[in-house]
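The structure appears right after this line, and notes come after that.
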Amino acid sequence: MQKQSAETLAQGLGWFSIALGAAELAAPRAMSRALGMEDRAGLIQAYGLREIATGIGILASDQPKPWVWGRVAGDALDMATLATGLADGKRGAVGAAMGGVAAMAALDWYCANQLGEAREARPMRDYSNRTGFPDTPEHMRGQAARDATILSPLL
Amino acid sequence: MRALCYHDKHDIRCDTVPDPEIEHPRDAIVRVTSCAICGSDLHLYDGFMPGMLSGDIIGHEFMGEVVEVGAANKKLKVGDRVVVPFTITCGECDQCRRGNFSVCERSNRNKAMADKMFGHSTAGLYGYTHLTGGYAGGQAEYVRVPYADSGPVKIPDGLTDDQVLFLGDIFPTGWQAAVQCDIQPTDTVAVWGAGPVGQFCVRSAILLGARQVVVIDNVPERLVMAEAGGAIPINFDEESVLDRLGELTGGKGPEKCIDAVGMEAHVNRSVDSIYDRVKQAVMLETDRAHVLREMIYVCRPAGTLSIPGVYGGLVDKIPFGALMNKGLTVRTGQTHVNRWTDDLLHRIEAGQIDPSFVITHKASLEDGPAFYKTFRDKQDGCVKVVLQP
Ligand SMILES: NC(=O)c1ccc[n+]([C@@H]2O[C@H](COP(=O)([O-])OP(=O)(O)OC[C@H]3O[C@@H](n4cnc5c(N)ncnc54)[C@H](O)[C@@H]3O)[C@@H](O)[C@H]2O)c1
Ligand SMILES: [Zn+2]
Ligand SMILES: [Zn+2]
Numbered sequence: 000m001q002k003q004s005a006e007t008l009a010q011g012l013g014w015f016s017i018a019l020g021a022a023e024l025a026a027p028r029a030m031s032r033a034l035g036m037e038d039r040a041g042l043i044q045a046y047g048l049r050e051i052a053t054g055i056g057i058l059a060s061d062q063p064k065p066w067v068w069g070r071v072a073g074d075a076l077d078m079a080t081l082a083t084g085l086a087d088g089k090r091g092a093v094g095a096a097m098g099g100v101a102a103m104a105a106l107d108w109y110c111a112n113q114l115g116e117a118r119e120a121r122p123m124r125d126y127s128n129r130t131g132f133p134d135t136p137e138h139m140r141g142q143a144a145r146d147a148t149i150l151s152p153l154l
Numbered sequence: 000m001r002a003l004c005y006h007d008k009h010d011i012r013c014d015t016v017p018d019p020e021i022e023h024p025r026d027a028i029v030r031v032t033s034c035a036i037c038g039s040d041l042h043l044y045d046g047f048m049p050g051m052l053s054g055d056i057i058g059h060e061f062m063g064e065v066v067e068v069g070a071a072n073k074k075l076k077v078g079d080r081v082v083v084p085f086t087i088t089c090g091e092c093d094q095c096r097r098g099n100f101s102v103c104e105r106s107n108r109n110k111a112m113a114d115k116m117f118g119h120s121t122a123g124l125y126g127y128t129h130l131t132g133g134y135a136g137g138q139a140e141y142v143r144v145p146y147a148d149s150g151p152v153k154i155p156d157g158l159t160d161d162q163v164l165f166l167g168d169i170f171p172t173g174w175q176a177a178v179q180c181d182i183q184p185t186d187t188v189a190v191w192g193a194g195p196v197g198q199f200c201v202r203s204a205i206l207l208g209a210r211q212v213v214v215i216d217n218v219p220e221r222l223v224m225a226e227a228g229g230a231i232p233i234n235f236d237e238e239s240v241l242d243r244l245g246e247l248t249g250g251k252g253p254e255k256c257i258d259a260v261g262m263e264a265h266v267n268r269s270v271d272s273i274y275d276r277v278k279q280a281v282m283l284e285t286d287r288a289h290v291l292r293e294m295i296y297v298c299r300p301a302g303t304l305s306i307p308g309v310y311g312g313l314v315d316k317i318p319f320g321a322l323m324n325k326g327l328t329v330r331t332g333q334t335h336v337n338r339w340t341d342d343l344l345h346r347i348e349a350g351q352i353d354p355s356f357v358i359t360h361k362a363s364l365e366d367g368p369a370f371y372k373t374f375r376d377k378q379d380g381c382v383k384v385v386l387q388p
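Heads up: the protein sequence lines correspond to chains A and B, in order. Just so it is clear: in the first sequence, position 22 is 21 by numbering that gives the first Met the number 0, and no numbers are missing. Just so it is clear: in the second sequence, position 171 is 170 by numbering that gives the first Met the number 0, and no numbers are missing.
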């Protein structure tokens with residue numbers, strides 16, 4: 000994938016994060032009821048804040064990569080939370096939600112990895128001969144420690 | 000004359016401005032032959048330092064030829080070739096006499112403003128915000144040098160601009176950072192940041208006899224350059240900094256840690272860098288402190304943290320309990336440039352080191368604005384840009 004399209008995908012994920020976060024923040028009760036996890040409304044609201052922060056991070060940062068990794072971590076947290084609903088919540092709804100999160104997680108994972116590749120793909124200049132020393136570093140080691148006479152008196 | 004002027008965040012232009020004039024009998028006017036863009040300039044470019052005004056001439060790493068000398072200046076004469084330290088020093092106050100040049104008590108003309116912000120003012124700096132005096136900078140054809148009988152370092156014939164230019168800032172900065180580590184022959188010195196300052200930290204630590212020097216960054220060609228100078232590289236995109244430093248020190252951590260990154264530490268996968276980004280975005284914190292936290296955590300007890308990296312305001316979530324209980328020593332500051340220049344000039348003359356190794360790009364002043372971006376984004380393998388007006 001091109002660097003450009005990885006970044007476009009990241010932007011999309013950023014907006015998705017903000018939209019989902021806003022929904023979680025605005026209607027935690029409706030959401031928890033739909034899942035049959037009424038006691039988790041507070042948690043859903045907190046997750047909403049997390050989504051919004053990650054979304055802003057992706058959009059505001061010149062390096063979206065770590066933020067997209069942040070989404071991957073968030074997806075894992077969502078999955079773990081939803082899994083607790085399998086036992087006592089509405090199984091069907093919870094299962095569907097987990098399916099959705101898994102799909103997003105795959106996309107997040109893919110995007111985060113592509114962003115990584117985009118960076119490493121640039122051509123690299125070779126500075127392996129730029130030692131700055133007249134001899135090997137091994138030979139230069141300690142040279143200034145030995146000619147202590149010209150060490151500053153203000154030490 | 001032509002000069003690079005700050006207009007706004009990410010907006011630097013090459014403008015035509017009035018020529019500088021002698022304002023005080025100790026002044027001199029220097030015609031700039033070479034100047035450089037410093038990592039500290041990037042903090043201005045990215046809008047992280049308060050106190051810049053539109054139209055300010057930037058730049059604090061410069062050298063050139065003396066073209067005019069004030070009546071009371073007995074040290075310089077027209078035609079002298081000088082490197083001008085970025086810290087402006089009166090040479091006479093209590094701090095200057097002790098060699099604490101970067102905290103000169105007289106050279107900051109906006110002392111009252113700085114006193115409010117920091118408790119006590121620091122020295123005046125060229126081209127670096129009104130908090131440090133609002134002096135016109137050196138990315139220009141001409142510069143007014145105040146207290147010109149104190150700061151400027153005369154350069155003997157036979158040395159090129161490229162060899163001596165960095166005596167005004169990054170070479171002494173890397174050197175002071177290493178000296179402040181009080182390096183022992185058994186020490187491992189870990190340097191965060193393989194930018195120009197980090198490169199000089201690495202070479203200084205080698206010259207001062209560190210057993211092992213490690214450098215941490217994620218820009219491959221910078222890591223290769225640091226390796227050429229004797230460092231063991233760690234790419235934080237590819238490996239765990241804590242694990243690798245542990246391996247290299249038998250699990251005990253490096254005795255000496257140098258922060259050559261400063262307040263714009265890149266975010267990486269760690270939770271705390273993401274936290275910093277968010278807080279900075281909503282203006283609850285000004286500086287990103289990931290490197291400081293990592294150093295405090297990994298440093299060997301009773302070790303030293305040396306911090307040449309620049310911070311401007313507030314940082315958050317500093318594990319002070321670890322710092323205190325591990326008994327770490329913290330040493331930092333803008334560089335006391337003149338404390339080191341005579342010694343380092345001798346070392347260059349003697350051929351012990353040639354600072355020009357770090358220059359990767361040269362351009363005209365007109366191309367300066369574009370090179371701010373190239374340098375900031377590490378495009379085209381850019382490590383250090385020299386501009387020739
Ligand atoms: N104390 C002084 O007097 C003085 C003088 C000159 C420069 N400085 C400061 O030194 C710092 C470095 O200057 P420079 O010219 O080398 O700038 P630079 O921006 O070129 O170098 C910084 C390097 O740090 C790396 N980096 C970013 N985040 C990192 C992280 N989390 N871990 C490890 N490395 C990371 C970057 O990739 C970059 O290579 C700046 O803060 C600058 O303001 C201080
Ligand atoms: Zn500088
Ligand atoms: Zn002084």
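Cβ atoms here follow ideal geometry from the backbone N, Cα and C, with glycine treated the same way.
What is the C-beta distance between I231/B and V218/B, in whole angstroms, given that I count them as a contact (C-beta under 8 Å)? Your numbering for residue 231/B matches position 232 in the second sequence. Your numbering for residue 218/B matches position 219 in the second sequence. The pair is not a contact, with the Cβ atoms about 16 Å apart (cut-off 8 Å).
Around ligand 5, what residues have a beta-carbon under 5 Å from a heavy atom of it, in chain order? Judged by which ligands are present, ligand 5 is missing from the structure shown, whose ligands are ligand 1, ligand 2 and ligand 3.
Please report the Cβ distance between Y5/B and D55/B, rounded to the nearest whole angstrom; I am assuming they are in contact, meaning their Cβ atoms lie under 8 Å. By one-based count along the second sequence, residue 5/B stands at place 6. By one-based count along the second sequence, residue 55/B stands at place 56. Yes, they are in contact, since the Cβ atoms of Y5/B and D55/B sit about 5 Å apart, within 8 Å.
Assign Q138/B to buried or exposed, taking buried as 16 or more other Cβ atoms, counted over all protein chains shown, within 10 Å of its Cβ. Walking along the second sequence from the start, residue 138/B turns up at place 139. A buried status is given to Q138/B, since no fewer than 16 other beta-carbon atoms sit within 10 Å of its beta-carbon.
Could you tell me whether the Cβ of G131/A comes closer than 7 Å to any Cβ of chain B? Working through the first sequence from its first residue, we reach residue 131/A at position 132. Yes, because at least one Cβ of chain B sits closer than 7 Å to the Cβ of G131/A.
Is T121/B near ligand 1, judged by its Cβ being under 6 Å from some heavy atom? Within the second sequence, numbered from 1, the residue matching residue 121/B stands at position 122. Incorrect: T121/B has no Cβ contact closer than 6 Å to ligand 1.
Report yes if the C-beta distance between D148/B and N72/B is below 7 Å; otherwise report no. For the purposes of this step, residue 148/B is identified with residue 149 of the second sequence, where counting begins at 1. For the purposes of this step, residue 72/B is identified with residue 73 of the second sequence, where counting begins at 1. Their beta carbons are under 7 Å apart, which means D148/B touches N72/B by this criterion.
Are the beta-carbon atoms of D77/A and V100/A separated by less than 7 Å? Along the first sequence, one-based indexing puts residue 77/A at 78. Along the first sequence, one-based indexing puts residue 100/A at 101. Cβ atoms of D77/A and V100/A: closer than 7 Å.
State the CB to CB distance for the pair V68/B and V81/B, rounded to an integer number of angstroms; the pair is presumed to be in contact (CB under 8 Å). For this step, residue 68/B is matched to residue 69 along the second sequence. For this step, residue 81/B is matched to residue 82 along the second sequence. Between V81/B and V68/B the Cβ distance is about 11 Å, and since that is not below 8 Å, they are no contact.
Cβ separation of P195/B and V382/B, assumed to be a contact under 8 Å, to the nearest whole Å: Mapped onto the second sequence, residue 195/B falls at position 196. Mapped onto the second sequence, residue 382/B falls at position 383. Correct: roughly 6 Å between the Cβ atoms.
Which residues DSSP lists as bridging T185/B, in chain order: On the second sequence, residue 185/B is found 186 positions in, with the first residue counted as 1. Answer by DSSP bridge pairing: none, since T185/B is not bridged.
Let me know if V220/B comes out buried or exposed under the rule of 16 or more other beta-carbons within 10 Å of its beta-carbon. As a position in the second sequence, residue 220/B is number 221, starting the count at 1. Position check: residue 220/B holds Glu in this sequence, whereas Val was assumed. Under this definition E220/B is a buried residue.
Endpoints, alpha helix (DSSP H) assigned at I43/A: As a position in the first sequence, residue 43/A is number 44, starting the count at 1. Where I43/A is concerned, the enclosing alpha helix (DSSP H) starts and stops at 40-59.
Nearest chain B C-beta to S151/A closer than 7 Å, yes or no? In the first sequence, counting from the first residue as 1, residue 151/A sits at position 152. Here S151/A scores only 49 on pLDDT, less than 50, and its place in the model should not be relied on; the value that follows carries that caveat. With 7 Å as the cut-off, S151/A counts as an interface residue toward chain B.
Could you tell me whether the Cβ of M97/A comes closer than 7 Å to any Cβ of chain B? Taking the first sequence and counting its residues from 1, the one referred to as residue 97/A is at position 98. Not one chain B Cβ lies under 7 Å of M97/A.
I'd like the span of the alpha helix (DSSP H) that includes I205/B, first residue to last. Your numbering for residue 205/B matches position 206 in the second sequence. Residues 195-206.
Completely contained beta strand (DSSP E) runs for the stretch 203-253 of chain B, where each covers 3 or more residues: 211-216, 231-234
Compute every distance between the C-beta of D242/B and the non-hydrogen atoms of ligand 1, then say whether any falls below 6 Å. Against the second sequence, residue 242/B aligns to sequence position 243. Because no heavy atom of ligand 1 lies under 6 Å away, the Cβ of D242/B does not count as near it: no.
Can you find a CB in chain B that lies within less than 7 Å of the CB of P63/A? By 1-based counting over the first sequence, the position of residue 63/A is 64. Not an interface residue.
How about I257/B and S203/B: are their beta carbons less than 7 Å apart? What you label residue 257/B is simply residue 258 of the second sequence in a count that begins at 1. What you label residue 203/B is simply residue 204 of the second sequence in a count that begins at 1. Contact: no.
What is the DSSP secondary structure of I317/B, counted as helix, strand or coil? Within the second sequence, residue 317/B is the residue found at index 318, counting from 1. I317/B: coil per DSSP, three-state reduction.
Along chain A, in chain order, which residues have C-beta atoms closer than 7 Å to that of M224/B? Position 225 of the second sequence, counted from the first residue, corresponds to residue 224/B. What M224/B touches in chain A: Y126, R129.
Assuming Y5/B is part of the alpha helix (DSSP H), what are its boundary residues? The sequence position of residue 5/B within the second sequence is 6, counting from 1. From DSSP, Y5/B is part of no alpha helix (DSSP H) but of the beta strand (DSSP E) over 1-7.
Can you give the beta carbon distance from R427/B to P368/B, rounded, assuming they're within the 8 Å contact cut? One cannot answer for residue 427/B here, as it falls past the ends of chain B, which runs 0 to 388.
Is any non-hydrogen atom of ligand 3 found closer than 6 Å to the C-beta of T88/B, if you look at the structure I gave you? Taking the second sequence and counting its residues from 1, one reaches residue 88/B at position 89. Indeed, a heavy atom of ligand 3 lies less than 6 Å from the Cβ.
So L386/B is in the alpha helix (DSSP H); what residue range does that whole segment cover? By one-based count along the second sequence, residue 386/B stands at place 387. From DSSP, L386/B is part of no alpha helix (DSSP H) but of the beta strand (DSSP E) over 384-386.
Looking at V314/B: is its Cβ nearer than 7 Å to the Cβ of I36/B? On the second sequence, residue 314/B is found 315 positions in, with the first residue counted as 1. On the second sequence, residue 36/B is found 37 positions in, with the first residue counted as 1. Taking 7 Å as the Cβ cut-off, V314/B and I36/B do not qualify as a contacting pair.
Chain A contacts made by the stretch 93-125 of chain B, where a contact means CB separation under 8 Å: R97, G98
Confirm, please, whether the CB-CB distance from E254/B to R287/B is below 7 Å. For the purposes of this step, residue 287/B is taken as residue 288 along the second sequence, with counting starting at 1. For the purposes of this step, residue 254/B is taken as residue 255 along the second sequence, with counting starting at 1. Taking 7 Å as the Cβ cut-off, R287/B and E254/B do not qualify as a contacting pair.
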